[in-house]
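Structure record follows, encoded as structure tokens.
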Amino acid sequence: MATLKVIHAACPHDCPDTCAIAVTVEGDGPDRRAVKVEGDASHADTAGFLCAKVSKYLERVYDPRRIQYPLRRVGRKGEGRFARIAWDEAVAEIADRWKSLIAEYGPQCVLPYSYAGTMGLVQGQGMDRRFFHRMGASLLARTICATAGGAGYKATIGASIGIEARHFAEAKLILIWGSNPVTSNVHLWRYILEAKKRGARVITIDPYRTRTAMASDEHLAVIPGTDAALALALMRVIVDEHLYDAGYVAQYTLGFDLLRERLESYAPAAVAPIVGLDAEAIVRLAREYARTQPAAIRVNYGLQRHAGGGMAVRAIACLPALVGAWRHPAGGILLSTSGTFPLNYAALERPDWIPPGARVINMTRLGEALTNRDEAGRPAGVDPPVKALYVYNSNPAAIAPDQNQVLEGLRREDLFTVVHEQFLTDTTDYADIVLPATTQLEHMDIVKPYGHLSLMFNEPAIAPLGEAKSNSDVFRLLARAMGYDDPELQESDEQLIRAALDARHPWMAGVTFERLRAEGYVRLNAPTPFAPFAEGGFFTPSGKCEFYSESLARQGMDPLPTYIPPRESALSNPALAARYPLALISPPAHNFLNSTFVNQDSLRRVEKEPVVELHPADAASRGIVDGQMTRVFNDRGAFCVRARLSERIRPGVAYAPGIWWAKFSPDGRNVNAVTGQGLTDLGEGATFYDVLVEVEPLGTDARGARRASETP
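Heads up: the sequence shown is residues 16 to 727, going by this note's numbering.
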């Protein structure tokens with residue numbers, strides 16, 4: 016009988032839970048197979064269970080459609096036709112093309128494009144950074160998810176640090192603000208349920224009645240993009256009624272008097288029509304939040320995907336200091352815990368290799384970068400032009416905004432595109448060379464969570480399938496082929512991990528490579544219980560929670576929290592709203608994680624098909640019935656999906672969960688056909704939910720959908 020063994024692993028996906036995984040393997044050597052994946056019961060936050068997506072991870076690993084060999088394009092770009100080639104041939108062709116392009120245009124004509132296909136530090140931000148820094152390639156501003164909220168958080172409390180997840184179980188009031196933990200943070204939801212059992216009230220603030228909202232005690236259906244206005248109105252009530260913690264405010268905050276002046280503009284009666292709530296509901300929420308301690312806020316990244324997204328998070332982040340919630344381990348706010356990990360990123364990534372004057376390209380504006388044309392059709396000034404694109408840990412053909420312009424750029428015959436992937440995605444269809452990538456079970460890594468305080472270790476459980484190689488291995492090969500003889504470009508994964516762990520910070524005491532490998536995870540040496548700002552100590556320049564930010568003032572920005580309306584709304588652009596009256600939001604589908612898992616048959620069968628949910632009143636006024644095929648469109652493009660009528664969405668809003676691949680969409684387009692490349696106020700982030708559209712009926716089936724979406 017074959018020997019069974021359990022290997023320590025860590026979930027690599029873009030989820031705050033970052034689960035500890037126990038992988039059971041059978042046999043030894045290159046033929047060893049993984050036979051089971053399950054949550055590690057010893058990890059307090061994972062608690063022995065995995066989400067519906069990762070619990071089926073073996074389906075992904077052993078899917079017969081995995082790319083197992085290098086491929087070269089043999090058809091037109093977009094057709095997805097390839098022929099198998101050898102690794103030596105692929106690497107030589109890539110290096111030769113890059114050398115030729117660099118000789119003619121300079122190294123900045125090469126653009127790496129990656130994001131959160133893995134959250135691992137080795138495979139996500141280690142050897143790749145070193146390699147492209149050494150080359151002198153264009154730098155990628157990785158803004159597509161979290162930078163607006165991160166910038167708002169930084170301006171207010173100084174770093175992405177917050178409540179430790181387990182302390183939510185001790186809260187007496189929990190505000191779930193723009194977050195859906197039942198779908199995307201299920202291990203936090205377990206703690207929230209514990210709090211409910213102990214008598215806590217849970218209030219969800221979200222334009223859509225999510226699974227989380229349905230399980231909450233109260234749901235406040237705000238208008239998308241108005242969260243900052245609501246937070247400022249709450250503060251107005253708290254200050255006017257003297258419900259704030261005067262001692263905490265005096266000792267640990269900066270700019271209270273200026274904040275009080277700013278709040279004069281945000282009376283509940285004035286804010287109510289902006290946010291779509293009754294003034295009485297705003298007052299009631301403010302009083303309950305101020306009077307109930309400890310009170311915890313779980314805020315997430317969806318609400319910062321609007322023009323004023325950074326200020327929205329900043330305004331919400333002011334609330335805990337105003338009422339003194341930070342005094343308690345279960346009080347405060349949680350956006351991300353990523354700033355809690357004082358790792359040695361400089362040693363890992365080698366930013367000292369970046370040449371002076373290096374160009375930065377914002378990944379949110381990939382379409383602009385590839386076509387050298389901005390949204391208004393004017394020249395974008397991309398000089399030198401992007402002549403080579405290397406895609407890994409991402410699927411930009413599906414996930415980047417303004418999809419039509421992105422695809423136009425990817426179709427360029429003079430663009431040399433290499434994609435390192437596990438499967439043939441929408442993006443690989445446009446590649447010149449496709450390289451086979453390992454999964455998390457096939458390489459070593461460490462993973463830094465953003466929802467708890469344990470650093471995670473991932474031991475390779477099995478040998479790579481076929482000829483698949485990890486990101487770090489590929490960059491070692493490319494470094495040799497390019498003639499880069501720096502020894503740092505040949506360091507092993509273990510050496511990369513040791514470099515990252517070489518951080519002389521008390522919270523890293525005892526977090527060693529040996530211990531991580533032996534135990535699978537190690538909690539930071541942070542205080543227990545964790546109340547990071549109970550006595551101030553914020554990571555801002557003043558050491559206080561900054562209602563007034565001198566740093567923002569120096570950048571020419573509003574130093575106080577304020578409300579910035581969505582770029583596309585009836586308030587800010589009534590002419591556009593007259594043509595496209597529905598605000599579109601597109602959070603992740605329950606069974607997908609952005610575009611990951613869309614090609615997994617078992618999960619797609621549950622998700623069924625792409626849809627747009629409309630309020631019955633909005634559907635009736637357009638002659639749309641439930642189950643009908645529709646065309647969702649604006650000036651940027653269109654996509655076709657089936658309509659579902661539901662009172663879970665507020666009137667005036669359309670809800671289209673994503674991110675479906677073109678391969679599995681009725682018309683070869685997804686929701687990003689209508690999203691734009693506009694940036695947020697802080698952090699230059701993406702504004703995926705700052706979108707106005709119209710929806711029109713098509714018919715009862717998908718026939719003709721492809722033709723219908725070809726023109727706006």
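Note that the Cβ used here is the ideal one computed from N, Cα and C, for glycine as well. If you're wondering where the values come from, they're calculated on a predicted model, not measured in any experiment.
With DSSP collapsed to three states, give me the class of residue i.
i       : result
Pro-727 : The predicted model places Pro-727 with a pLDDT of 42, which falls under 50 and marks its position as unreliable; any figure quoted below should be read in that light. Here Pro-727 sits in coil by DSSP.
Val-264 : helix
Phe-431 : strand
Leu-492 : helix
Trp-675 : coil
Cys-655 : strand
Ser-70  : helix
Phe-545 : coil
Met-572 : coil
Met-378 : helix
Arg-426 : coil
Tyr-536 : strand
Ser-566 : helix
Leu-300 : helix
Lys-402 : coil
Met-142 : helix
Gly-347 : strand
Cys-560 : strand
Cα-Cα, which of the options is closest to residue i?
i       : options                               : result
Ala-514 : Ala-186, Glu-565, Ser-564 and Ile-461 : Ile-461
Leu-618 : Lys-169, Phe-607, Ala-25 and Val-627  : Phe-607
Phe-431 : Leu-404, Ala-412 and Phe-545          : Leu-404
Ala-677 : Glu-295, Asn-200 and Thr-440          : Thr-440
Met-523 : Arg-532, Asp-43 and Ala-541           : Ala-541
Thr-527 : Ile-36, His-458 and Asn-359           : Asn-359
Ala-340 : Ala-311, His-630 and Phe-356          : Ala-311
Ala-412 : Ala-246, Phe-545, Gly-698 and Asn-609 : Asn-609
Ala-546 : Val-421, Thr-352 and Val-537          : Thr-352
Pro-371 : Tyr-445, Ala-59, Met-150 and Ser-584  : Met-150
Ala-166 : Pro-574, Arg-277, Leu-470 and His-605 : Pro-574
Gly-382 : Tyr-72, Thr-33 and Gly-693            : Gly-693
Val-237 : Gly-667, Thr-39 and Pro-681           : Gly-667
Gly-466 : Thr-355, Thr-453 and Ile-172          : Thr-355
Arg-620 : His-605, Gly-173, Ala-174 and Tyr-77  : His-605
Thr-61  : Tyr-130, Arg-112, Trp-204 and Leu-86  : Trp-204
Gly-642 : Ile-331, Val-626 and Phe-654          : Val-626
Tyr-445 : Trp-113, Ala-598, Arg-91 and Asp-78   : Arg-91
Whole angstroms is fine: what's the gap from residue i's alpha carbon to residue j's?
i       : j       : result
Glu-662 : Ala-107 : 57 Å
Phe-553 : Pro-366 : 27 Å
Leu-258 : Leu-188 : 16 Å
Arg-768 : Pro-222 : A query on residue 768 cannot be resolved here, the shown segment of the chain reaching from 16 to 727 and no further.
Lys-211 : Asn-410 : 39 Å
Val-656 : Gly-323 : 29 Å
Asn-408 : Tyr-281 : 43 Å
Val-286 : Ile-218 : 19 Å
Arg-241 : Asp-696 : In the sequence on display, residue 241 carries Thr and not Arg. Near 14 Å, if we compare the C-alpha coordinates of Asp-696 and Thr-241.
Ala-24  : Ala-67  : 17 Å
Leu-349 : Pro-31  : 11 Å
Val-89  : Ala-98  : 6 Å
Val-69  : Cys-26  : 8 Å
Ala-296 : Arg-213 : 25 Å
Arg-569 : Asp-260 : 29 Å
Lys-51  : Ala-362 : 35 Å
Ala-452 : Ala-669 : 36 Å
Ala-590 : Thr-702 : 20 Å
If we call anything under 7 Å between Cβ atoms a contact, is residue i one with residue j?
i       : j       : result
Ala-161 : Arg-329 : no
Ala-163 : Gly-700 : yes
Thr-645 : Ala-658 : yes
Arg-508 : Met-459 : It should be pointed out that residue 508 corresponds to Asp in this sequence rather than to Arg. Cβ distance < 7 Å, so Asp-508 and Met-459 count as in contact.
Arg-145 : Leu-504 : yes
Val-252 : Val-314 : no
Leu-19  : Thr-33  : no
Leu-155 : Pro-122 : no
His-435 : Leu-456 : no
Glu-474 : Ile-82  : no
Arg-651 : Val-710 : no
Taking CB distances under 7 Å as the criterion, tell me whether residue i reaches chain E.
i       : result
Asp-429 : Absent from the structure is chain E; it holds one protein chain and no more.
Measuring only from the beta carbon, is residue i closer than 6 Å to any heavy atom that is part of the ligand ZN?
i       : result
Asn-387 : Of ligands this structure carries none, so the ligand ZN is not represented either.
**Report entry** Runs of alpha helix (DSSP H) lying entirely within the segment 234–279, each at least 4 residues, in chain order
**Finding:** 242–255, 261–267 and 271–278
Query - Start-end ranges of the beta strand (DSSP E) lying completely within the segment 283–327, minimum 3 residues - result: 310–314
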